[in-house]
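Our numbering applies: residue 82 is where the sequence shown begins, and numbers increase by one.
Backbone N, C-alpha and C fix where the C-beta goes; we use that ideal spot for every residue, glycine too.
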Amino acid sequence: MIECRGRNGWFQLAEAEVTVLLDGTAAISISSKQPYRDMPPIYLSGSLGEMQDLLDDLQAQLNAESAKFTARNLR
């Protein structure tokens, strides 16, 4: 279970969706099972390059933190 913090508090992730628009803008929508009217609780938008860099950076951070966690717990 992945928990997220949105404009109305904490929620459980139900869907994460990536969309690339015709102008090359990439968007990531993160939402719960609750329907939303106009915008999902968490919405990220930027150029394809910026979004790829963000995701690459987050993946690298997750890998580094995971390695530290594993090393601490193997002692």
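Taking Val99 as reference, the option from Leu129, Ala141, Ala145, Lys149 with the minimal CA-CA separation is Leu129. In the three-state reduction of the DSSP assignment, Ser112 falls in the strand class. Between the beta-carbon of Gly90 and that of Ile123 there is about 12 angstroms, and that puts the pair past the 8 angstroms contact cut. Nearest in C-alpha terms to Ser126, of all of Arg153, Thr106, Ser113, is Thr106. Using a 10 angstroms sphere on the CB of Ser113, the tally of other CB atoms reaches 16 or more, which defines it as buried.
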